[in-house]
Structures are given as structure tokens and as C-alpha cells.
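The opening position of the sequence shown corresponds to residue 120 in the working numbering, with each subsequent residue numbered one higher. So the structure is just underneath, and the comments pick up after that.
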Amino acid sequence: MCAAELIDISHWQDNVDYDALAASGLPVYVKATDGDAVDELFRQHAAALMARGVLVGAYHFLRAGVHPDKQWDVFANEVEWMARQCGDVMLMPMLDIEERSLHMTEARAVAGQEMADDIRATFGGVIIYSAAWYWDNTAYIPRGTLWQNEYLLWVAHYTFRGMPRLPAGWNEDRVAVWQYGIGGRHWWARRVPGVRGECDRDRLINGYVIDDLVVGCAVPPDDDGFYATVSVPRLNVRAGPGTHYRVLGQTTYGTRWKVEEVVLDHRGRQWYRAGDEVYLAGWLMQV
């Protein structure tokens with residue numbers, strides 16, 4: 120494979136000519152998840168492109184207000200789905216760290232790093248996406264090297280001059296991809312074939328080639344759990360399988376949960392265990 124450029128798309132690109140995009144030869148990253156939500160067009164985009172022989176990868180947008188374990192479960196489910204469809208190889212997953220409200224305390228940085236490690240251990244690789252404007256002001260922790268140079272970096276810096284500005288602490292030889300502009304907005308970034316409107320443009324730099332981002336499509340072993348979504352407007356989350364257990368909080372229609380076990384209470388009613396001392400009544404629909 121000799122592609123020198125690639126693109127990334129999401130639900131914002133909702134009118135894609137997949138044949139034209141496939142004919143361009145560009146590898147494509149598709150947004151899979153955001154916090155604990157699945158991008159509404161992820162499977163449509165990914166399936167259409169894979170069916171046309173396009174090399175694809177999935178990415179996750181990290182959110183501060185969602186527990187890292189829940190984000191990992193949702194993202195892993197979508198990447199596993201992709202791995203089952205993609206044949207032999209796919210692009211290593213990307214972890215997008217740029218949320219303006221994500222004030223990166225040390226604890227959150229560690230949690231984010233753990234997610235990156237989980238992605239790499241499970242799917243064979245991971246690349247971190249960020250930018251100096253964000254990292255230097257929000258995410259960088261001067262007293263430690265929690266992120267720097269542990270992973271490959273995909274840096275965002277919109278310019279046509281020279282090379283991109285790197286986030287603090289990153290070595291240049293770890294920077295593999297540069298998001299240099301937006302096709303349809305910046306004059307130096309060409310429009311993407313098959314994509315109407317704006318679309319990010321990215322190129323490989325520092326001697327990296329697309330094969331450096333390729334991993335196998337091995338699917339992790341099934342842990343006997345499954346995913347299900349809430350099918351009623353609101354549902355209590357309880358500390359045990361029964362209405363006499365204390366309420367931990369509420370979940371709403373459409374929220375996706377990883378179910379580890381189905382149990383019955385003393386009245387024979389069905390409950391879903393979604394973690395240690397985390398139970399939901401039977402108003403879930405398996406996906």
C-alpha cells in the first residue's frame with residue numbers, strides 16, 4: 120500500500136458517494152463512538168467502504184463526563200464489529216483527545232492512557248489524535264510523561280507552511296499523521312472525491328507509510344456478555360437485582376449497556392447485571 124494521504128469522516132459527512140471515494144484510493148478513518156454514544160453513520164460508512172475494498176479504521180472521541188470503562192466498552196464493541204467485516208487488515212484504532220471541557224487532571228490522564236493501552240493490547244495498535252492548542256493548555260502534565268511518546272501521534276495543525284506545531288513533550292519521530300487542512304474550507308486542501316462539503320485532509324509524515332498504521336482484523340474472544348439498549352424513557356439503576364435495593368441513578372431511552380449476566384430476583388423477575396453491584400430491570404433490548 121502506498122497511499123500518502125488519508126481522510127477521516129463521521130456523521131457530519133452524511134452524503135457520501137462511496138464509489139467515488141473508493142476510486143480515490145484514500146484510506147478512511149470513520150468516527151465510531153463519542154463518549155458512550157455510537158456515531159449514527161459509523162456502520163453505514165464503514166460497511167459501504169469495506170464492501171468496496173477501502174482500507175478503514177475506527178476512532179473514538181474521548182469525553183470527560185463519561186466513565187472510561189463505559190467508553191471502552193462501547194468503542195470496543197464497534198471495533199469488534201468492524202474486525203468481523205474487514206477481511207484481513209484494518210487501520211489501527213485512533214483515540215481523539217481534544218474536548219475543550221476535558222480538563223485533564225492526572226487521574227483522567229491515567230484513565231485515558233489506560234484506554235489507549237486497552238485499545239493497543241486488544242486490537243494491535245493505537246494512534247493518539249490531538250493538537251498543540253489543546254494539549255499544551257489542557258492535557259499536558261509537565262511533571263510526568265503519561266502520554267508523550269508512548270504512542271504514535273496524529274497531530275492537527277491547519278497550515279500550508281512548513282511542518283505542524285507539535286504538542287509539548289512529543290518527539291517528532293513519533294508523529295505519523297498530520298491533519299493539515301479541511302477540504303472545501305482551506306484553499307490548500309483539495310476537496311475529497313465523493314464527499315460533498317467539508318472534510319478533513321490528512322497526510323503521512325516523518326517517513327511513515329500507511330502500512331505502519333495497519334493491524335490485523337483479529338476479533339477478541341467472546342466474554343459471554345452482550346450489549347443492550349434501554350427501551351423505556353427512564354430506568355432506575357440499582358445496587359442489586361430487586362426494587363428493594365438502593366437506586367444508584369437513572370438511565371434513559373437508547374443508552375447502551377454492556378450486560379455481563381442475566382439474573383432473576385426473588386419473585387422470578389429478570390434483571391441485567393452491568394457491573395459489580397450495578398443492575399437494571401428487564402427493560403432492555405439486545406443489540
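Just so you know, even glycine gets a beta-carbon here, dropped at the ideal spot from N, CA and C. Bear in mind that the values here come from a model prediction, so they are computed numbers and not experimental data.
Separation of the CB atoms of Leu367 and Ala123 is rounded to 50 Å, and the pair is thereby denied contact status at 8 Å. Distance from the CA atom of His385 to the CA atom of Thr362, rounded to whole angstroms, is 11 Å. Under the DSSP assignment, Trp390 falls in the beta strand (DSSP E) whose first and last residues are Gln389 to Gly394.
Residue burial is scored here from C-beta neighbours: Arg320 has at least 16 other C-beta atoms within 10 angstroms and is therefore classed as buried.
Rounded to the nearest angstrom, the Cβ distance from Thr370 to Leu354 is 5 Å, consistent with a contact under 8 Å. Taking 8 Å as the cut-off, the Cβ atoms of Val175 and Met211 do not count as close.
With contacts defined as CB atoms closer than 8 Å, Gly206 and Ile216 fail to qualify as a contacting pair.
Taking the Cβ atoms as the reference, Ala250 lies roughly 4 Å from Ala275, within the contact range of under 8 Å. The three-state reading of DSSP puts Gly206 in coil, since its state is none of H, G, I, E or B. Assigned with DSSP and collapsed to three states, Leu332 falls in helix.
The secondary-structure analysis by DSSP pairs Leu354 across a beta bridge with Thr370.
Beta-bridge partners assigned by DSSP to Ile246: Met213 and Leu271. Per the C-alpha coordinates, the member of Leu332, Gly359, Gly344 and Phe279 positioned closest to Glu379 is Gly344. Ser129 sits buried, since 16 or more C-beta atoms from the chains shown fall within 10 Å of its C-beta. The C-alpha of Asp192 is placed about 17 Å away from the C-alpha of Leu403.
Taking the CA atoms as reference points, Val397 sits about 12 Å from Val381. Separation of Leu125 and Trp273 (C-alpha to C-alpha, rounded to the nearest whole angstrom) is 12 Å. Taking Val333 as the centre and dropping the five residues before and after it, the same chain places the C-beta of Met120, Leu174, Val208, Met209, Leu210 and Met211 closer than 8 Å to its C-beta, in chain order.
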